[in-house]
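**Q**
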């Protein structure tokens, strides 16, 4: 996995009302609200999302069951140099870590989940079923949101993005982060970083956590905004690829996780991504040469993914693919 770069000290932490979107609203109005939230914040909460509570609770139960195992047993599922999928701890990547966490990383394809579950759970069949049910449910929410986005942007092909996420070769992944509770001495330190500041490279992230806070988002005025946890709802974050698809109309949101808590925090992120060989360019109506040319050169998701995971987590990746940077052409990045 990627690694965090040193986090620069930020101006301030303040409170802000998190944009909340009711997915049961009338569709025409809903698409406008979703686009506005993506454009102004790159982050929002969704309610009335349609994911059954039992699907969420079963996933939470399986996650807690795994992270509650002895370290020796968990390491039997450890990721390797050959594959990033499985269990990881402390170090997010090969170059070090700024915080304390352990995680499970799973490819969203059912076959991959079935194979990985054999080292993760005692009842691998049950684990696979629970994870697949959860992924299918949040995938539907994701596809609903991206369909609303393309409608709100006036894109002729209404399935332009959801088709990629539903593709059998989609590179979407599920990550479950577990931040252990801290002892009193460590708690006295402010802003203990569990996961350093970063933006997600994919199209869209659908995230939820247990009832323990820690997530913060970074605003354009240089403030960190604490996000109150809501275990039954989902938070949506714009990723780097969606920034490219909208030619900069949307901005991927930087966020981080703190661990200054006496309770363990567990969060689940579904990262929606296209197939590896998909070429990424702004959506047709997002460019209008010569007045509004594309800000980015065409590149594949595989090329961007390789660039993203070769840098430190907090480093900016998109400048490598800016149209005016001749020295950092995507064609120079081999896959």
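Numbering (the UniProt record's numbering), first residue to last: 1 to 335.
We put the beta carbon where it would ideally sit given N, CA and C, even for glycine.
Predicted, not measured: the structure shown is a model, and the values here were computed from it.
Give me the Cα-Cα distance between residue 336 and residue 56, rounded to the nearest whole angstrom.
**A** The structure shown does not extend to residue 336, since the chain is modelled only from 1 to 335, so the question has no answer here.
**Q** Does DSSP put residue 131 in a helix, in a strand, or in coil?
**A** Helix at residue 131.
**Q** Bridge partners of residue 226, per DSSP?
**A** DSSP, once it has assigned bridges, lists 216 as partnering residue 226.
**Q** Return the Cβ separation of residue 302 and residue 277 in integer angstroms, given the expectation that the two are a contact with Cβ distance under 8 Å.
**A** Contact flag correct, Cβ pair sits at about 6 Å.
**Q** Taking three-plus beta-carbon pairs below 8 Å as touching, is the segment 32 to 51 in contact with the segment 124 to 131?
**A** In short, these stretches do not touch, since the Cβ pair count stays below three.
**Q** Measure how close the beta-carbons of residue 120 and residue 204 come, nearest whole angstrom, since I'm counting them as under 8 Å.
**A** Incorrect: roughly 26 Å between the Cβ atoms, too far for contact.
**Q** Can you tell me whether residue 304 is helix, strand or coil according to DSSP?
**A** It is helical.
**Q** Assign residue 279 to one of two classes, buried (16 or more other C-beta atoms within 10 Å of its C-beta) or exposed (fewer than that).
**A** Classification of residue 279: exposed, given that the 10 Å Cβ count is below 16.
**Q** List the residues that DSSP assigns as beta-bridge partners of residue 279.
**A** Note: residue 279 sits in a beta bridge opposite 300.
**Q** Please work out which residues of its chain come closer than 6 Å, Cβ to Cβ, to residue 230, disregarding the five sequence neighbours upstream and downstream, and give them in chain order.
**A** No residues qualify anywhere along the chain.
**Q** Identify the residues that DSSP records as bridge partners of residue 288: which are they?
**A** The partner list for residue 288 (beta bridge, DSSP) reads 292.
**Q** Going by beta carbon distance, what residues of the same chain come within less than 6 Å of residue 257, once the five residues before and after it are set aside?
**A** Taken in chain order, the residues that qualify are 194, 195, 214 and 215.
**Q** Mapping the DSSP letters down to three states, classify residue 19 as helix, strand or coil.
**A** Here residue 19 sits in coil by DSSP.
**Q** Identify the continuous alpha helix (DSSP H) that holds residue 45 and give its terminal residues.
**A** Here residue 45 belongs to no alpha helix (DSSP H); instead the beta strand (DSSP E) covers 43 to 47.
**Q** Within 10 angstroms of its Cβ, does residue 111 collect 16 or more other Cβ (buried), or is it exposed?
**A** Residue 111 should be labelled exposed.
**Q** Whole angstroms is fine: what's the gap from residue 297's alpha carbon to residue 264's?
**A** The alpha-carbon atoms of residue 297 and residue 264 are separated by roughly 42 Å.
**Q** Is residue 307 close to chain C, meaning its C-beta is less than 8 Å from at least one C-beta of that chain?
**A** Here there is only one protein chain, and chain C is not present.
**Q** If I follow the unbroken alpha helix (DSSP H) through residue 119, where does it start and stop?
**A** Residues 110 to 120.
**Q** Can you list, in chain order, the stretches of the alpha helix (DSSP H) that have 4 or more residues and sit fully within the segment 21 to 83?
**A** 27 to 40, 53 to 67 and 71 to 74, all fully within the segment 21 to 83.
**Q** Under the rule that 16 or more other beta-carbon atoms within 10 Å means buried, what is residue 29, buried or exposed?
**A** Exposed, because fewer than 16 other Cβ atoms sit within 10 Å of the Cβ of residue 29.
**Q** Residue 274: which of 142, 155 and 223 sits nearest, CA to CA?
**A** The option with the nearest alpha carbon to residue 274 is 142.
**Q** For a minimum of 4 consecutive residues, which ranges assigned as the alpha helix (DSSP H) are wholly contained in the segment 135 to 206?
**A** 162 to 166 and 184 to 187, all fully within the segment 135 to 206.
**Q** Just to confirm, are residue 178 and residue 67 a CB contact at a threshold of 8 Å?
**A** It is a contact, given that the beta carbons lie within the stated cut-off.
**Q** Buried or exposed for residue 16, going by 16 or more other Cβ atoms inside 10 Å?
**A** By the 10 Å Cβ count, residue 16 comes out exposed.
**Q** Between the segment 242 to 254 and the segment 165 to 172, can you find at least three pairs of beta-carbon atoms closer than 8 Å?
**A** With the cut-off at 8 Å, the segment 165 to 172 and the segment 242 to 254 do not touch.
**Q** Ignore the nearest five residues each way along the sequence and tell me which others in residue 65's own chain have a CB closer than 8 Å to its CB.
**A** Closer than 8 Å at Cβ, skipping near neighbours: 121.
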